[in-house]
Structure formats: C-alpha cells, structure tokens
Amino acid sequence: MTTALERTVTLASGISMPVVGFGTFQCDEAAIVAALRAGYRHLDTAYSYETEEAVGNAIRKSGIPRKDIFITTKLHQTFHAPEDVPEQLKRSLDRLGFEGEDRYVDLWLMHSDRISYGTARRTDPGSEGKPVIDYALSRNYLETYKAMEKLVGTGPNKVRAIGLSNFNVLKTKKILEGCTIKPSVNQIELHPYLPQRELLKFSNEHGVHITAHSPLGGAPVGVVAPYAGIKEGPLKDPLVASLAEKYKVEPSTILLSWALQRGTSIVPKSTKLDRIVLNTKIIELSQEDFDKVEWLKADGEELRFNDPKGHIRFDIYDEKNDEPVGDDY
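End of the sequence shown sits at 332 in our numbering; the numbers just go up one at a time, nothing left out.
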C-alpha cells in the first residue's frame, strides 16, 4: 500500500510533487537531515527563511540523489522588480549549493503576500519599525510573475515549475488572466480554523494546486501573529481531541489527514524527531468525521493566524480591493 510520503500530485506543469513535504521555517540542518532519513522527499524552504543553505547541506549529508528530492523555494520580496528576479534565483541556487545538472529548483513561488519591499532593508529610521513598502511594485505582481515565467526550464539557473504564495482569489484571477504559464501551486495558510473553502474551490476549478502551510495552525513570528497568546489553534480544539481519541491517534494526525483528504498537499514542520515522524502518519476519516472537521468554523468565523495587516498597514487578503490601492498607510 502506498504510504503518505509516497503519494504525489501531478501539477499543471506536468511534474509530480510529493503531497507531504517538510517545512523548514526555523529549522536547522539536523532537523532536515532527520526528515530525509524519515522518508520525506519534498523540502519546502524560502530565501527569507534563511534555510536554503541548510537544505542543500542536508541533502548532501543524507546521500540521497538530488533528483530524488523535490525542492520548493520562494522569490523574496526585495527581488520583486522584474529585472531583479533572475538574480534572486541565482542567489537561492547558490545558497542551496546545486551545480551542474542539479542546478535547478522544482517549484519556485512568489513570496510572499504580494508585498514588495523597496530596498533590501526591512525598515527606515522614521518608519517606527514598519517595513519599507514599494507600493507600485506591490501592485505590479503580474509583471513579477512574468519575469519568473522566463526562467522556467531555461538558462544556467532553472526552475521546473512556478507558483504563488498566499494569494487570494482576487489576485490569483489577475495572474491567470495575464500569465503564459499557469501557476502550478498556491501555498496558503490552511487548517480547519481557516479552511479557505472559496479559494480552494476556485483553485480546483482552474487547475491550481493548493498546498497548506501551517496545517496545524502555526505559530508565526510576532509581527504577523494577531492571535498570539489570545486564541488557540485547532490542535487544542475539543472536537479534534475527541476524534483523536476515537481513532487512537494524535490530534495532529486528524488535522493533517483532513487536509490530504480535501486534495491539498501539506508542509508541516518540526524540529523534534518524534514529531517529524508523527507528521507522516495519515489515516482515512469517515465522511461524517471529515465533515465535522470541515465545518469547525463556519464562513465568517475563520481565524487567520498569519496576518501581516497590522505590520504593513493594509489588508493583503481583501477580496474586494486589490490592495494596496494607495501609497499612504
């Protein structure tokens, strides 16, 4: 029988991606090596995570051939200007340490949230700790995506597929209307407290695969964590606890199994060996129990645990307005 780690999905680009990946945000090289030894063959990293070097080192230390590992990384915000896009891919590949026939990434996502920083500095002296935003560039994400398209399968620094990170329906539509290469993936925060039903439905209809980051609820850094210390995530939900007891599994298994049963892929993360292994254990929920998890939060009651609105001063998830609409926040 095929295990969860062996299951794959065929993306719009035609390539296969393992549906269970290992998220590397705030992970060290030892954790990544442990994940590879546990059987993970999809590693999710990003330039902004500062784990690309650790990912490359872990692959070489594991002895597993590069071709047998699916690598997702992301275009950083300070490189959203179309002319800067090729340089950022080169930097990511340099950090990963891939050379020769191995010098490529399997999936490259526009990271993150359509926010484009005007400089490599995150703040100005007079900005009160807020990031410096290039508002015009933040609105011009389609041109950034078109620059990414030019690097698919060409040049010394290659990507096999491209996609999006944290795009809502409104902005995904704009990409689909103007792109030449359809986004293979949109990686979004997704868990039973933020089921993203409309976005998932729209994406399925248009052949854009959804990957769930923070599938257990997540613990983002403080500046983008509006509910830190205020509200608990789905891991602590009483219904999830009761289902875990019923199926004789951990609550995390209920959440990850629900996500895969919806047809999404997942990239959970952990630095603890037992949790790294546990996150590969998937079960089949009955339809009744699946529906219970699906409707833990009704429309309008969702909780987004990773939201930069308070940090950047505009709502990147607004479905009515293509934010930012102005330059004064």
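By construction, the Cβ of each residue, glycine as well, lies at the ideal position given by its N, Cα and C atoms.
A check of alpha carbon separations from residue 321 across 260, 202 and 267 identifies 202 as the nearest. By the Cβ criterion, the region 95 to 112 is in contact with the region 164 to 172, since at least three pairs of Cβ atoms, one from each stretch, lie closer than 8 Å. Membership of residue 189 in the beta strand (DSSP E) is indicated by the continuous run 188 to 192. When secondary structure is reduced to three states using DSSP, residue 183 falls in the coil class, being assigned neither helix nor strand. Pairing residue 154 with residue 113 gives a Cβ-Cβ distance that is not under 8 Å. The three-state reading of DSSP puts residue 314 in helix, counting H, G and I together. When DSSP states are grouped into helix, strand and coil, residue 331 belongs to the coil group. For the set 298, 253 and 54, the Cα lying nearest the Cα of residue 198 is the one of 298. Looking at 246, 324, 253 and 280, the one whose alpha-carbon comes closest to that of residue 294 is 246. Only exposed fits residue 289, as fewer than 16 other CB atoms lie within 10 angstroms of its CB.
Following the DSSP letters along the chain, one finds residue 200 inside the alpha helix (DSSP H) bounded by residues 200 to 208.
In the three-state scheme derived from DSSP, where H, G and I count as helix and E and B as strand, residue 107 is classed as strand.
The C-alpha of residue 42 is placed about 12 Å away from the C-alpha of residue 10.
In the same chain as residue 150, and ignoring 5 residues on each side of it, the C-beta atoms closer than 8 Å to its own belong to 85, 86, 88 and 89, in chain order. The straight-line gap separating the alpha-carbon atoms of residue 177 and residue 329 is approximately 18 Å.
The residue among 244, 159 and 310 with its C-alpha nearest the C-alpha of residue 229 is 310. For residue 293, there is no enclosing beta strand (DSSP E); the residue is part of the alpha helix (DSSP H) that begins and ends at 290 to 297. A buried status is given to residue 55, since no fewer than 16 other beta-carbon atoms sit within 10 Å of its beta-carbon.
Boundaries around residue 95 are those of the alpha helix (DSSP H), 88 to 99, since no beta strand (DSSP E) includes it. An exposed status is given to residue 19, since fewer than 16 other beta-carbon atoms sit within 10 Å of its beta-carbon. Put simply, the region 208 to 221 touches the region 261 to 280. At least three CB pairs are less than 8 Å apart. The three-state reading of DSSP puts residue 197 in strand, counting E and B together.
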